[in-house]
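Visitor: Pasting a structure here, questions to come.
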Amino acid sequence: MKKELTCIVCPMGCQLVVDLDEHNQVRAVDNANCKRGVAYATAECVAPMRTVTGTAPIVGGGIVPVKTDRAIPKELMIDCMMVINETYVPADAPIGTIIIENVLDTGANVVTTKDLHGVN
Ligand code: SF4
1302 MKKELTCIVC PMGCQLVVDL DEHNQVRAVD NANCKRGVAY ATAECVAPMR
1352 TVTGTAPIVG GGIVPVKTDR AIPKELMIDC MMVINETYVP ADAPIGTIII
1402 ENVLDTGANV VTTKDLHGVN
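Going by my numbering, the first residue of the sequence shown is number 1302, and it counts up by one from there.
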């Protein structure tokens, strides 16, 4: 079975064609201009990962943008967003504050991406 993917590792956006066997294992990756594309396509077919971005509520009102500091399994994205939505951030948190350690046992932390220190 052939599967087509756009590589998102760099701005070139190569159109990859992945050849999968009957067990969904990667036999070959075509059209990749570099090894990073082959690694991306292989991971995407076997165990897709994503960095999660979103917003968390601030104590006292408002929201702050946050993200995971590394990619987590794609199937946990919605659960991760739900945890983020229920986690209140201190109103004076500096950028990079870890608001959730090891979210959903993924090894990733959720951190703020905007400086609130001195804003409120
Ligand atoms: S295959 Fe390599 S060159 Fe092509 S988009 Fe992916 S990282 Fe960039």
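Ideal placement from N, C-alpha and C gives every residue a C-beta, glycine not left out.
Predicted model only: the values in this text are computed from it and were never measured.
Quick one: residues with CB closer than 7 Å to any heavy atom of ligand 1, in chain order, please.
Guide: Of all residues, those with a beta-carbon under 7 Å from at least one heavy atom of ligand 1 are Cys1308, Val1310, Cys1311, Met1313, Gly1314, Cys1315, Leu1317, Ala1333, Asn1334, Cys1335, Arg1337, Gly1338, Tyr1341, reported in chain order.
Visitor: List the residues that DSSP assigns as beta-bridge partners of arginine 1351.
Guide: Ile1373
Visitor: Give the DSSP bridge partners of threonine 1413, in chain order.
Guide: In DSSP, threonine 1413 forms a bridge with Val1367.
Visitor: What are the boundary residues of the beta strand (DSSP E) that includes aspartate 1320?
Guide: 1316 to 1321
Visitor: Can you tell me where the alpha helix (DSSP H) holding valine 1278 begins and where it ends?
Guide: Since the first residue of the chain shown is 1302 and the last is 1421, residue 1278 is not available in this structure.
Visitor: For valine 1330, does the three-state DSSP call read helix, strand or coil?
Guide: Under the three-state reduction of DSSP, valine 1330 is assigned to strand.
Visitor: In terms of DSSP beta bridges, what is proline 1358 paired with?
Guide: For proline 1358, the pairing in a beta bridge is given by DSSP as Ile1364.
Visitor: Grouping DSSP H, G and I as helix and E and B as strand, with all else coil, what is threonine 1343?
Guide: helix
Visitor: Valine 1404 by DSSP, collapsed to three states: which one?
Guide: helix
Visitor: Report yes if the CB atom of cysteine 1346 is closer than 7 Å to the CB atom of valine 1319, and no otherwise.
Guide: yes
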